[in-house]
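**Q**
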Amino acid sequence: MGRVRYSCCNGMNDQTWIQQALALFRKDILAETRTRVAFGAMGVFSFASLLLIALAMVGLKGVLIQNSSGQAVPAWNNSGKMSLLWVLLCFAAFAGLSHSFVYEEETGTASTLKLHMGPQAVYAGKLLFNTTVLLAVSLVITPMYMVMTGMDAGTLPMFFAVMLSGTASLSAVATVVAALAARARSTGALFGAVGLPMLTVLLVLIMNAARQCYIRSESAVQYLRPLTGIVCFGVLIVTLSAMLFHYIWED
Amino acid sequence: MNRSVIVALIVISTAMGFTMWAFSSSMTPYVDIHQAEKLTGQVQIRGKIMHSTAHWSDRKHALVFMLKDKNNDLVEVDYHGAKPEAFDTAPETAAQGVLTKASDGKLILNSDSMVVKCPSKYSDKKGLKNDTSANSAAENRI
Chain A
0 MGRVRYSCCN
10 GMNDQTWIQQ
20 ALALFRKDIL
30 AETRTRVAFG
40 AMGVFSFASL
50 LLIALAMVGL
60 KGVLIQNSSG
70 QAVPAWNNSG
80 KMSLLWVLLC
90 FAAFAGLSHS
100 FVYEEETGTA
110 STLKLHMGPQ
120 AVYAGKLLFN
130 TTVLLAVSLV
140 ITPMYMVMTG
150 MDAGTLPMFF
160 AVMLSGTASL
170 SAVATVVAAL
180 AARARSTGAL
190 FGAVGLPMLT
200 VLLVLIMNAA
210 RQCYIRSESA
220 VQYLRPLTGI
230 VCFGVLIVTL
240 SAMLFHYIWE
250 D
Chain B
0 MNRSVIVALI
10 VISTAMGFTM
20 WAFSSSMTPY
30 VDIHQAEKLT
40 GQVQIRGKIM
50 HSTAHWSDRK
60 HALVFMLKDK
70 NNDLVEVDYH
80 GAKPEAFDTA
90 PETAAQGVLT
100 KASDGKLILN
110 SDSMVVKCPS
120 KYSDKKGLKN
130 DTSANSAAEN
140 RI
């Protein structure tokens, strides 16, 4: 195992914040490969929910319901499956990523980080790590889910765009909420409470976009509108968090 | 003010604008019948239930009734779903659905979601006007 080098000897000024962020990212990846805290939490959680959803929805297979124009449509349709996939990813993100800052506080390494890099670098590094982990998890979970529930991808480019932008935005929300929660005493409850308003908006935006995967449309605006929403919400959260992060980090 | 803050504020306001733009598509606007004719997609129309016209249509498999909005325009509502408990006594309702034109040119609101207003216990005796604030909570429902 290689040692992770910090800029401890020469102070923090000889490295740009990007280098510092990358160093933190490498350190987190290394720590993750050793302990597998985030992956373990997310993996067990996702697999359990995956199995639960697959079993719970067996009863809905082949059931038809009438929609508002009187046509019979399957009750357990692609949009419904997509919604549950996002619920699953959302909980997985919050189960796994909540540890990213708590871990630093618990092991007492938060002060070390504060000494050696600026708050921007810490935020960028953690965001990069969380996004990578969540992308990896969703890369494993999504195909499994699609096989187990028989979910269609619909319009393929749209599907990939939704999954990618949705996962990135989700990790941006989870990162800033994790940072907030790590500073509080009762981390668990606060995590949910603070995250809820941000998460609700994000999930509504994602559901909109997900529905569009299964609607054929000629105009590109129909596809772009919900996607822009997700991406811009992610940008909004990242910008705000980057601006305000040092108030959380250096109290 | 330093430059990075200004850049950040510009980014934030732009991103917020686009987010609102995308988010607004998930809201169902409250409109009257006249406006609803011009819109495609989901709308929500609030108005008085014409109880004498309400009946169950076996052919359409729906609860059919006429709805009179505040401009006294009439629209037929085909409500696909279980009849709300308070429907028979409810003076008003807000029906959500898609407005379609039948082959004979009649407007039909194909609805699958409806909020009925509870009859007021007090307004009849005291002769107060029904206040509509009870319905405002349901406004702009996601």
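So the sequence lines, in the order shown, correspond to chains A and B.
With numbering that gives the first Met the number 0 applied, the first sequence corresponds to residues 0 to 250, in that order.
With numbering that gives the first Met the number 0 applied, the second sequence corresponds to residues 0 to 141, in that order.
All C-beta atoms in this analysis are idealised placements derived from N, C-alpha and C, irrespective of residue type, glycine included.
A quick note: this is a predicted structure, and the numbers were derived from the prediction, not measured.
1. Using three-state DSSP, classify His57 (chain B) as helix, strand or coil.
2. At 4 residues or longer, what runs of the alpha helix (DSSP H) sit wholly inside the stretch 22-103 of chain B?
3. So if DSSP puts Ser110 (chain B) in a beta bridge, which residue, or which two residues, is it bridged to?
4. With DSSP as the reference, label Ile214 (chain A) as helix, strand or coil.
5. Could you tell me the boundaries of the alpha helix (DSSP H) in which Val101 (chain A) lies?
6. Three or more C-beta pairs closer than 8 Å, one from the stretch 93-109 of chain A and one from the stretch 128-145 of chain A: is that the case here?
7. Give the residues of chain D in contact with Ile11 (chain B), contact being defined as C-beta atoms less than 7 Å apart.
8. In angstroms with no decimal places, state the Cα-to-Cα distance between Leu127 (chain A) and Phe24 (chain A).
9. From the DSSP output, in three-state form, read off Pro196 (chain A) for me.
10. The alpha helix (DSSP H) spanning Ala20 (chain A) covers which residue range?
11. Where does Ala71 (chain A) fall in DSSP's three states?
12. Under a three-way DSSP split, which group does Val172 (chain A) fall into?
13. Alpha helix (DSSP H) containing Met242 (chain A): first to last residue?
14. Less than 9 Å between CB atoms is the rule here; does Thr25 (chain B) satisfy it with respect to chain A?
15. When the Cβ atoms of the stretch 39-59 of chain B are set against those of the stretch 67-76 of chain B, are three or more pairs found closer than 8 Å?
16. In angstroms with no decimal places, state the Cα-to-Cα distance between Leu202 (chain A) and Ala241 (chain A).
17. Counting only C-beta atoms, is Trp55 (chain B) closer than 9 Å to chain A at any point?
18. With a threshold of 16 other CB atoms inside 10 Å of the CB of Pro73 (chain A), please say whether the residue is buried or exposed.
19. At least one CB of chain A closer than 9 Å to the CB of Met15 (chain B): is that the case?
20. Please determine, among A:Gln19, A:Ala22 and A:Leu83, the residue with the shortest C-alpha to C-alpha distance to Leu50 (chain A).
21. Ala7 (chain B) versus chain A: which residues are under 9 Å apart at the beta carbon?
22. Going along chain A, which residues have a C-beta under 9 Å from Phe22 (chain B)?
23. Considering only C-alpha positions, which residue in the set A:Leu204, A:Phe159, A:Lys80 and A:Leu112 is nearest to Gly233 (chain A)?
24. Does the Cβ of Tyr144 (chain A) lie closer than 8 Å to at least one heavy atom of the ligand ADP?
25. Three or more C-beta pairs closer than 8 Å, one from the stretch 54-71 of chain B and one from the stretch 9-23 of chain B: is that the case here?
26. Please report the Cβ distance between Gly165 (chain A) and Trp85 (chain A), rounded to the nearest whole angstrom; I am assuming they are in contact, meaning their Cβ atoms lie under 8 Å.
27. Which residue marks the beginning of the alpha helix (DSSP H) containing Ser110 (chain A), and which one marks its end?
**A** Taking the definition as stated:
1. Locating residue 57 (chain B) in the second sequence gives position 58, counting from the first residue. Note on residue identity: the sequence assigns Asp, not His, to residue 57 (chain B). Coil at Asp57 (chain B), not helix or strand.
2. 32-37
3. On the second sequence, residue 110 (chain B) is found 111 positions in, with the first residue counted as 1. Paired residue(s): B:Tyr78 and B:Gly96.
4. Here residue 214 (chain A) refers to the residue found at position 215 of the first sequence. Three-state result, Ile214 (chain A): coil.
5. Translated into positions along the first sequence, residue 101 (chain A) becomes position 102. Start and end: His98 to Thr106.
6. yes
7. Here the protein chains are A and B, and chain D is not one of them.
8. Your numbering for residue 127 (chain A) matches position 128 in the first sequence. Your numbering for residue 24 (chain A) matches position 25 in the first sequence. Taking the straight line joining both Cα atoms gives about 7 Å.
9. For the purposes of this step, residue 196 (chain A) is taken as residue 197 along the first sequence, with counting starting at 1. Residue state, collapsed to three classes: helix.
10. Translated into positions along the first sequence, residue 20 (chain A) becomes position 21. First-last of the alpha helix (DSSP H) with Ala20 (chain A): Trp16 to Thr34.
11. Residue numbering aside, residue 71 (chain A) sits at position 72 when the first sequence is read from its first letter. Note: Ala71 (chain A) maps to strand in three-state DSSP.
12. Locating residue 172 (chain A) in the first sequence gives position 173, counting from the first residue. Looking at Val172 (chain A) - three-state DSSP - the assignment turns out to be helix.
13. Here the question's residue 242 (chain A) lines up with position 243 in the first sequence. Note, Met242 (chain A): alpha helix (DSSP H), Ala219 to Trp248.
14. The residue given as residue 25 (chain B) occupies position 26 in the second sequence. One point to set straight first is that residue 25 (chain B) is Ser, not Thr, in the sequence displayed. Yes, Ser25 (chain B) counts as interfacial toward chain A.
15. yes
16. The count along the first sequence starts at 1 and reaches residue 202 (chain A) at position 203. The count along the first sequence starts at 1 and reaches residue 241 (chain A) at position 242. Using only the alpha carbons, I get a separation of about 22 Å.
17. Your numbering for residue 55 (chain B) matches position 56 in the second sequence. Closer than 9 Å: no.
18. As a first step, residue 73 (chain A) must be located in the first sequence, where it is residue number 74. Result: exposed.
19. By one-based count along the second sequence, residue 15 (chain B) stands at place 16. With 9 Å as the cut-off, Met15 (chain B) counts as an interface residue toward chain A.
20. Residue 50 (chain A) sits at position 51 when you count from the first residue of the first sequence. When only C-alpha atoms are compared, the closest one is A:Leu83.
21. Locating residue 7 (chain B) in the second sequence gives position 8, where the first residue counts as 1. Neighbours of Ala7 (chain B) on chain A, chain order: Thr238, Leu239, Ala241 and Met242.
22. Indexing the second sequence from 1 puts residue 22 (chain B) at position 23. Here the neighbours are Val200, Val203, Leu204, Asn207, Gly228 and Phe232.
23. As a working note, residue 233 (chain A) is residue 234 in the first sequence. Of the candidates A:Leu204, A:Phe159, A:Lys80 and A:Leu112, the one whose C-alpha sits nearest the C-alpha of Gly233 (chain A) is A:Leu204.
24. Absence of the ligand ADP is noted for the structure shown, with no ligands found whatsoever.
25. no
26. By one-based count along the first sequence, residue 165 (chain A) stands at place 166. By one-based count along the first sequence, residue 85 (chain A) stands at place 86. 7 Å between Cβ atoms; contact.
27. Taking the first residue of the first sequence as 1, we reach residue 110 (chain A) at position 111. It spans Ala109 to His115 - the alpha helix (DSSP H) in which Ser110 (chain A) sits, taken as one unbroken run.
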